[in-house]
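Okay, structure first, notes after.
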Amino acid sequence: MSDDNFNGVPELAHKGLLYPCTDTGNSQRFIDQNKNDIKFIRELKKWVRWDGTRWNLNENEKLTRAKKTAQSIFAEARQCKNTQGQQELYKWAHASQSEGRLNSMLNLSKDELGESLHRFDTDPYAINCKNGLVNLKTGELTPHNPDMLLMKRTRVKYNPSKRCHHWEKFVSEIFNHDTEMVDWIQRALGYSITGSVSEQVFFILHGQGENGKSKLINTICDIVGDYGTITPFDIFQSTGGSNLRGHVAIGDLKGIRFAVASEAGNEKWDEKVVKTATGGDKLRGAKLYCDYFDFDPTHHLYFLTNRLPAFKDGSHGFKRRIRVVPFMVIFSGEKRDKNIADRFDPEGVFSWLVEGALRYHEIGLDDTPAIMQEATEDYIMANDTLGVFISDCLVRDIRSQIGASEMYDLYLQWCETSDISPDNKNFFPQNMEERGVARKRTNKGQVYTGYRIKLAEVTQPPRPSLNDFRRDNPSAMSYGKWEKNGQRF
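FYI, in the numbering used here the residues of the sequence shown are 1 to 489.
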């Protein structure tokens, strides 16, 4: 009989054998004994086991299980009624203890027990807790189910009756008791524990130190457990996301809901990477020593920064994703409570998050608070130098046109006067068209239509300057004055 099939069933039955004494037989033994609670993830080239609440990565378990299967052959031998079959089984049981036989058993089992990574953690409105699955549309709690193929789990149980008044007081205080802001941020954070990325936004939590933003985000990241991660800020900046390290960092976002990055030294976004990571299309990630793999995004990006990174992409596709969340209350001296997180009840905080998710499904996030709208618009204006150029130098006039060379020369003059690095000439036409300044070909060459040049000298700098947002100039922030220990200045 061949090692690779079971065509010799009559011979097996004659000898009283349940499985052939081959590597293939060992593989079938292993599969029959473990098919309900162990799987091989092909892309990761790793084994997972069902621990009663989730499919958990556990590479040590595979060898333990293989040894157990090899030992079970001795039990087969003891139960075999056929002398010849019993002798073969005892001999094979001893041989199966070797490292080579154990590895063959595992390798031959990978196909039948194999599963694709993309099938795990796919339900965007289910979140796995210690005591079951929560439906983030209804709040219903259901028992754990291995067929759901969940690898992630929170650190807490879900108890909808739990409240944490210390947490609610903290959130209110860091947003200066602005009920509109508190309500919106609860819905935004609730949305961020779902796997839906329909909003296609990223959140920039901005403000000087000692303002509670780190405490807020780190508390949530800790409570959501496997659904949260700290991701490198620099992969979203101008030197970070195009190499293997960037792909590995992106790959780490598979199945993540809540991704947090704290500011790094580089001060410019890589707009292409940010748009890709927040666009909703499939992403390509990697793991060290594994194959590249594609996955659907489920993550929401939270950037914590004292400085707002600069950007040059003034396209609607980038600007529409930005949500600046200003933190304007500073807690220092007697107002600073270093141990406040010790009083947060994790189950109460998680219940607050689920409530936010439910409210998000009722209301959405379109009602952005005025203070956030102002902060976001000011940030965009500070970086949209081409938009400021248009405002400073051009006047809308549907009957007028400006030659393409004349327009770019005017732009270079304005940039020099304003001490600004100009856009590349090759990208200038497209960037102008994205701002509504159309270009067309005429018998006199390329021209921009619908605008004329302002008569006044164009010597003024862009406004507001990005310096308005620097940490060493907090009072210049245009979206509101800073507050320290309850006093505004």
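Virtual Cβ for every residue (Gly too), placed ideally from N, Cα, C.
Give me the Cβ distance between residue i and residue j, rounded to the nearest whole Å; I'm assuming they're in contact under 8 Å.
i	j	result
M372	R323	7 Å
T194	E263	That pair is no contact at about 26 Å.
H316	R257	Not quite, the Cβ-Cβ distance comes to about 27 Å (not below 8 Å), so this is no contact.
T490	A261	Only positions 1 to 489 of the chain appear in the structure, and residue 490 is not among them; the question remains open.
I402	I453	6 Å
G212	F331	7 Å
A404	Q446	4 Å
E495	R336	Nothing can be reported for residue 495: it is not among the residues displayed for the chain, which extend from 1 to 489.
I73	L89	6 Å
T154	I223	7 Å
For the alpha helix (DSSP H) that contains residue i, what are its first and last residues?
i	result
Y191	179-191
T64	59-79
F30	23-34
V388	385-393
Y292	Here Y292 belongs to no alpha helix (DSSP H), and DSSP marks it neither H nor E.
R359	346-363
K162	From DSSP, K162 is part of no alpha helix (DSSP H); its letter is neither H nor E.
N135	Element bounds for N135: not the alpha helix (DSSP H) but the beta strand (DSSP E), 132-135.
A404	404-418
W92	83-95
G317	316-319
G100	99-113
How big is the Cα-Cα spacing for residue i and residue j?
i	j	result
G16	T22	15 Å
Q495	Q86	Because the chain is modelled from 1 through 489, residue 495 falls outside the range shown and cannot be assessed.
H165	L353	14 Å
R65	M105	10 Å
S98	P124	44 Å
S238	D270	4 Å
K282	F295	5 Å
G240	D111	Bear in mind that the predicted position of G240 carries a pLDDT of just 46, short of 50, making it too unreliable to give a figure here.
L410	K425	12 Å
T179	N56	41 Å
N383	F389	11 Å
Y158	K272	38 Å
I217	N58	29 Å
L358	A375	27 Å
L102	A95	10 Å
D342	G285	36 Å
Y379	G207	13 Å
L386	G132	52 Å
V248	K287	5 Å
G280	V197	6 Å
T138	E355	10 Å
I398	P422	26 Å
N135	P143	11 Å
R441	M432	15 Å
P309	K268	5 Å
V201	D183	18 Å
D185	K444	According to the sequence provided, residue 185 is Ile. The question's Asp does not apply to it. Straight-line Cα distance between these residues: approximately 54 Å.
V325	V395	33 Å
E140	D345	21 Å
D226	D419	47 Å
C415	S391	13 Å
G436	Y448	10 Å
R163	F350	9 Å
W167	V156	16 Å
D472	I174	Any reading at D472 needs caution, since the residue's pLDDT is 43, under 50, leaving its predicted position unreliable; the model's value is listed next. Approximately 21 Å, taken between the alpha carbons.
Please classify residue i as buried or exposed, where buried requires at least 16 neighbouring CB atoms within 10 angstroms.
i	result
G114	exposed
E43	buried
Y292	exposed
Q84	exposed
E11	exposed
E427	At residue 427 the sequence reads Phe, which differs from the Glu that was named. Label assigned to F427: exposed.
I127	buried
G251	buried
R54	buried
N339	exposed
E457	In this prediction, E457 scores a pLDDT of 48, lower than 50, which makes its location untrustworthy; the coordinate-derived value is nonetheless stated afterwards. That one is exposed.
K35	exposed
K481	Interpretation of K481 is limited by its pLDDT of 42, a score under 50 that renders its predicted location unreliable; no figure is taken from the coordinates.
K39	buried
T459	Residue confidence is low: T459 scores 45 on pLDDT, short of 50, so the model does not pin down where it sits. Its coordinate-derived value is still stated next. T459 comes out exposed.
In the DSSP assignment, the beta strand (DSSP E) including residue i goes from what residue to what residue?
i	result
S262	258-262
Q446	445-453
I41	38-41
P326	322-326
L128	It should be noted that the sequence gives Asn, not Leu, for residue 128. Start and end: 126-129.
Is any heavy atom of the ligand NAP found at a distance shorter than 7 Å from the C-beta of residue i?
i	result
D121	The model on display carries no ligand, and the ligand NAP is accordingly not part of it.
I want to know whether the region 140-149 touches the region 312-326 - three or more CB-CB distances under 8 Å. Taking 8 Å as the limit for Cβ pairs, the verdict is that the region 312-326 does not touch the region 140-149.
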